[in-house]
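Following: one structure in structure tokens, then a few remarks.
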Amino acid sequence: MNMVQALNSELDLRMGADDSIILLGEDIGIDGGVFRVTDGLQAKYGQERVMDTPLEELGIVGMAIGMATTGLRPVPEIQFQDFIYTAFDQIVNQMAKMRYRTAGRITVPMVLRTPYGGGIRGGLYHSQSGETYFAHTAGLTVVTPSNPYDAKGLLSSSMDLNDPVVFLEPKRLYRAQKADVPEEDYKVPLRKANLVRSGDDLTIITYGSMVPTVIQTVEKNSLDADVLDLRTLVPMDIDSIVASVKKTGRVMIVHEAPRTLGMGSEISAAISERVIEYLYAPIVRVTGPDTPFPYRLEEYYLPNERRILAAARKILDFR
Amino acid sequence: MNMVQALNSELDLRMGADDSIILLGEDIGIDGGVFRVTDGLQAKYGQERVMDTPLEELGIVGMAIGMATTGLRPVPEIQFQDFIYTAFDQIVNQMAKMRYRTAGRITVPMVLRTPYGGGIRGGLYHSQSGETYFAHTAGLTVVTPSNPYDAKGLLSSSMDLNDPVVFLEPKRLYRAQKADVPEEDYKVPLRKANLVRSGDDLTIITYGSMVPTVIQTVEKNSLDADVLDLRTLVPMDIDSIVASVKKTGRVMIVHEAPRTLGMGSEISAAISERVIEYLYAPIVRVTGPDTPFPYRLEEYYLPNERRILAAARKILDFR
Amino acid sequence: MTENVNEQVDKEKYVRAYGAMVLSRTFDRKIITAQRQGRVGFYTPTMGQEATQVGASMALDKDDLIFEYYRDVPMMIHRGVPMEKLLDQIMGNSEDYAKGRQMPSHFIARDNNFMSIQSPVASNLPLATGAAYALKYRKKNSIVLTTFGDGSTSTPDFHAAMNMAAVYELPLVFLCENNQWAISLPIEKQTKAEIWKKAEGYGMEGVKVDGNDLLATYKATAEAVRKARDGKGPTLIEAVSFRMGPHSTSDDPNKYRSNTVQDGSDQDPIILTEKALKHMGILNDSMIEKIKSEAERIVTEKFEEREKIPPPEPSTMFDDVYEEMSWMVKEERGEIL
Amino acid sequence: MTENVNEQVDKEKYVRAYGAMVLSRTFDRKIITAQRQGRVGFYTPTMGQEATQVGASMALDKDDLIFEYYRDVPMMIHRGVPMEKLLDQIMGNSEDYAKGRQMPSHFIARDNNFMSIQSPVASNLPLATGAAYALKYRKKNSIVLTTFGDGSTSTPDFHAAMNMAAVYELPLVFLCENNQWAISLPIEKQTKAEIWKKAEGYGMEGVKVDGNDLLATYKATAEAVRKARDGKGPTLIEAVSFRMGPHSTSDDPNKYRSNTVQDGSDQDPIILTEKALKHMGILNDSMIEKIKSEAERIVTEKFEEREKIPPPEPSTMFDDVYEEMSWMVKEERGEIL
Ligand SMILES: Cc1ncc(C[n+]2csc(CCOP(=O)(O)OP(=O)(O)O)c2C)c(N)n1
Ligand SMILES: Cc1ncc(C[n+]2csc(CCOP(=O)(O)OP(=O)(O)O)c2C)c(N)n1
Ligand SMILES: [Mg+2]
Ligand SMILES: [Mg+2]
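Residue numbers (numbering that gives the first Met the number 0), protein chains in the order written: chain A, 0 to 318; chain B, 0 to 318; chain C, 0 to 336; chain D, 0 to 336.
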């Protein structure tokens, strides 16, 4: 299955087993979603459970929160992450804070799915990687898969959680790879990073759409690197990060979001707070630049082999 | 003048000199603003220039952007920063990106003022420090003063800028100090940190409401520390930071916003990317915790002398 | 509307309603005084909206859900939320349902189906649509009521919720408590249309009612509730009253308004209700006296009782961010405590 | 409305209007074909909305400002935006006004007072209110037109802008191009009310017009524009047409709809306009032929010409984030180039 199929398969499985699951979003029903993640589900489960909503992200998210507070387990979709911001008040002030402000009397079990990132020639408004906006918000769990297997297993774990999850789907990878994905339900645990590849010289921390780019670069150039795929961005798996850094003493962080206050800043800060004495070299971030996302020049925006290698050289050659 | 008076004085001066300046917001006119920053201005400049708007932050910010694209220089107010998020799409996708998406053909000179931070017993929704949400957004300049003099001078520079500024006012300091503030217009430069105090053992980087707390702690305990008040959070003054870190080799960052992806993470990452070899100790962040902001227990939320000292000891005693 | 609501309900129901109004007013006065004395941090008085809220509350069943706003004390009292819990919230003490985390006036009473309050106005409305959807989906007989002010009709959330409710024909009653002010902004500057007329733009029925008239509000709400329960979709009710007090204890209305309604004057909903119920032979002066002095006694007693309760333990501040505490919060707790 | 618009304008005006419609349709066909051939990345065809847009455009003056949306090619052509610049935008080449930064269909033509396009639908509307406020404040004689689709009426931005415009009585015309679909969602599921009726809930005038009728749209817009210019406030116009093509080149409408209007059929606004103008004695067959073949020639020629223009220099990607480049961007530029 590719990632779209893996996600679709998980939604299908869970909806079949649990009638408290409701999908809602723009064009997710009869059209099956603009990326086809919900394809066929309305035909199977009906319009009541796979809702083609009006064009209001604020309403979609707010309505889902209301459902979640009253016993349902909604899985809303925002068509592109770039369009989530009219719902941002609902996300920050309602979804993230309901458990806290009611001392657990009301909870919001929901998975807010949305495709993010560049690489599909989407320009400023169909390419954003806004994970920071969610990751900075206490109360949210932020998850992003990097391959079809993880996508299905992480979605499954997210749907089990009794807290709100922002589930970021790297749209560039939707159809990029096929993998063996079990038909049945299985879990990939939250709050656990995946050590994708093991090495001694260097730790590369990444997630989502950048994972394949990093792996290819590492393999092609025979870098002897630990590659950590975070999977859950918040709360991130600090133990795995620290263990790897203690081993290698050299760290690179790769993501597509703009650098300033991108995930890389938190990872870097958390590392130097804990284990700076293990570091042989600066922690280097390879990221998108602090500009909006350009259309025609997007290949310059996205981190690539050349930039990862340049950073690796800088780190490995240090002192 | 206290900070409220300093801000009021600058708005008054500039409005008197330039009829393209329009203020708009909730309760800013006849009521003078819930914190009185715009007191008396509607009586002086009329309802057309000091607009009491309907209750819609999205409309306030969107309208201001539209004004700015057509020759005015609006200064909208959001009553509490906590309520800015319904306007977040306008901020991220319009205000921040207009210059870029039009290649400079349309620009957005505006200053979006809003009080932020805790310390006034406001609980979850009247105490937030959301600077990360703005600082992560390319195209925005994020400014925050820590005293009446800077407040006036930074507001003046912000109103001169041909780009959108998010001007965050630490509400706890509104009336906390009186200072000698010139009646006339003057500038405190943007993108420049202020070395508030000079020392050799330690660099403490902070801004906004935490500056007085840091200074008091440093003075009371005779810490031999550089204290840097960032003033502009983005683009921050990396040169001053690096210069100080090279001198002291020991860094603490203090802010009230939650730790994960707070400004401290970017400052820490930027330092360890550049001058890790100068560091004798881990970079330590003293911040608000990753929880919503509690009402009754807010004094536990805010960084205080005890926590700053504990961090200083940890840094100074390292190895 | 053919049935005569007046005849449906017995006297006791009205006496209880009036009692809740008086208790709420007494509570208001007490808290405002306590705030001036520094014994309470903040409060948004309800004075002037008692008839609206209690009238609406009378139309609800026990299982109906309410997505309320910060000015709904009369409704909470009428629905049986213990006065203790209101006070615990205002004081933010260790027995507060929400562990003292929220500012005063941000009540929650899940047991009475009050779904908790946020500060950003009207952002409860979209949640109400979701809850109403859930009730409809589960084929429950309950409905949802959501309340908000006149100023709140300008928000994005109002628009989003109204449209969703209409499109999905939800069992939902929107009760706009038009007290004619949003802090310092009078309703004429908030919008150029009458609020009840906004319903039509969503294909929804809109109703305007005198929110100072307990019986009229009850009747109008009962009708909307019946419609919702019968699967006939949502209604917007505009209940017009007047905010007699300041916006909150932080606010000085003298800065912006000259017209007011005095506590106890003959435009005061409590006085108006007294008159109406006396006219109907339901209340008399001695009952009124008794209800009022009983209210005084309860509020004073309870206030002093709850004031003695200590604040929450500092460690509680770190709970309930997630079901399972994150390592960051654990670490931060360690640094702070 | 007493004046007869038909008589006010001369034949040439209509011929030019029809010419813009044909040129736009020809452009649409060309770009769709080019997209299939991989010569263009993406496009949102305008087919079906030509009469609406050109009719509205006819009512505007040169100095009026337009906060447009992504489907407004006919209006841009009618207002004289050079075809070269439309193509440069679609190709994102180095001569694009916006340096190839935006996806195709996100035009800007500041010289013709088109104020640029964002993707989040309807978020141009609040900006339009601000611009209209500026014009009013400066006592200009110009007005603002803002355009958007039927789906866009559900957004927060629509609500915010409509309310602001009404409250401040702005010189602003809201033109809702109701093409009956928002991607796959038909208008009946978008809202339970007619769009023009939404105006009343803001205290604004709402008007419904047949958006396939060039003259009717012109007339309705002219009336709204006159009102705005005379300081009589905003109007919402609902112009009903039909989205003949797919939502965009990425979309397959066969998945969700069976009813369509065929290019060239007698429900097609171009055919309808031809009929009307022939009937009025303004057009004849040979003129039509000439206009069409001329359009073909221009579009083909220009397309080939602009296709040869190279992409922007990579370094341009780092400009225009701020007036003065930040050190972060400088540093990142250094790493990337
Ligand atoms: C989104 C948002 N903006 C601003 C505020 C600040 N504020 C609190 S109440 C209020 C006025 C609300 O007026 P209305 O809706 O009429 O309710 P009322 O207080 O009159 O009962 C304002 C502006 C807020 N709480 N939320
Ligand atoms: C806020 C937002 N949500 C979703 C989208 C994705 N999207 C692009 S166009 C569109 C439909 C718009 O429909 P309508 O307003 O009727 O305009 P039309 O395309 O029919 O001309 C959607 C959902 C978007 N661009 N912006
Ligand atoms: Mg009100
Ligand atoms: Mg449409």
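Even glycine gets a Cβ: it sits at the ideal position worked out from N, Cα and C.
Tell me residue i's beta-bridge partners as DSSP assigns them.
i                 : result
Gly287 of chain B : B:Pro257
Trp180 of chain C : C:Pro185
Ile194 of chain D : BP columns for Ile194 of chain D are empty, so no partner.
Tyr115 of chain A : A:Pro169
Leu64 of chain D  : D:Val143
Asp228 of chain A : A:Asn193, A:Thr205
Leu315 of chain A : Paired residue(s): none; Leu315 of chain A is not in a bridge.
Met14 of chain B  : Looking at the DSSP assignment, Met14 of chain B forms no beta bridge with any residue, so it has no partner.
Met77 of chain A  : For clarity, residue 77 of chain A is Ile in the given sequence; the question names Met instead. None, per the DSSP bridge assignment.
Lys207 of chain C : C:Glu237
Please classify residue i as buried or exposed, where buried requires at least 16 other C-beta atoms within 10 Å of its C-beta.
i                 : result
Arg296 of chain D : exposed
Ala165 of chain D : buried
Ser257 of chain D : exposed
His278 of chain C : exposed
Ser264 of chain C : exposed
Asn140 of chain D : exposed
Ser314 of chain C : exposed
Gly280 of chain C : exposed
Gly329 of chain B : Any answer about residue 329 of chain B is impossible in this case: the structure gives chain B only from 0 up to 318.
Asn123 of chain D : buried
Gln88 of chain C  : buried
Asn283 of chain C : exposed
From residue i to residue j, what distance separates their C-alpha atoms?
i                 : j                 : result
Leu86 of chain D  : Ala192 of chain C : 44 Å
Ile142 of chain C : Ala131 of chain C : 6 Å
Arg332 of chain C : Val187 of chain A : 29 Å
Ile76 of chain D  : Glu303 of chain D : 18 Å
Glu297 of chain B : Ser239 of chain A : 33 Å
Gln56 of chain C  : Gly79 of chain C  : Note that residue 56 of chain C corresponds to Ser in the displayed sequence, not to Gln. So the alpha carbons of these two residues sit roughly 11 Å apart.
Tyr173 of chain B : Thr143 of chain B : 12 Å
Leu189 of chain B : Asp51 of chain B  : 29 Å
Ala275 of chain C : Arg242 of chain C : 21 Å
Met0 of chain C   : Arg225 of chain C : Reliability fails at Met0 of chain C, whose pLDDT of 36 lies under 50, so the model's placement of it is uncertain and the value that follows must be treated cautiously. One C-alpha to the other measures close to 11 Å.
What in chain B is Cβ-close to residue i, meaning under 7 Å?
i                : result
Lys98 of chain D : Ala102
Do residue i and residue j have their C-beta atoms within less than 9 Å of each other?
i                 : j                 : result
Leu12 of chain A  : Glu183 of chain A : yes
Phe41 of chain C  : Arg295 of chain B : no
Glu168 of chain A : Met66 of chain A  : no
Lys205 of chain A : Ile252 of chain A : Reading off the sequence, residue 205 of chain A comes out as Thr, not Lys. In this structure, Ile252 of chain A lies closer than 9 Å to Thr205 of chain A by Cβ.
Listing by chain order, which chain D residues have their CB less than 7 Å from the CB of residue i?
i                 : result
Tyr99 of chain B  : Arg100, Asp319, Val320
Glu199 of chain C : Ala192, Lys196, Glu199, Gly200
Residues of chain C with a CB under 8 Å from the CB of residue i: which are they?
i               : result
Glu9 of chain B : What Glu9 of chain B touches in chain C: nothing, since even the nearest Cβ is about 22 Å away.
Which chain A residues are close to residue i, counting only those with a beta carbon under 8 Å from its beta carbon?
i                 : result
Ser153 of chain D : Pro53, Leu54, Glu55, Gly58
What residues from chain B crowd round residue i, counting only those whose CB sits closer than 8 Å?
i                 : result
Pro311 of chain C : Arg295, Leu296
Lys96 of chain A  : Leu123, Pro291
Under 7 Å between beta-carbons, which chain C residues line up against residue i? List them in chain order, please.
i                 : result
Asn162 of chain D : Ser153, Thr190
His158 of chain D : Pro155, His158
Anything in chain A within Cβ reach of residue i, meaning under 7 Å, just list it in chain order.
i                 : result
Gly91 of chain D  : Tyr294, Arg295
Leu278 of chain B : Ile275
By the criterion of Cβ-Cβ separation under 8 Å, what are the contact partners of residue i in chain D?
i                 : result
Ala165 of chain C : Thr190, Lys191, Ala192
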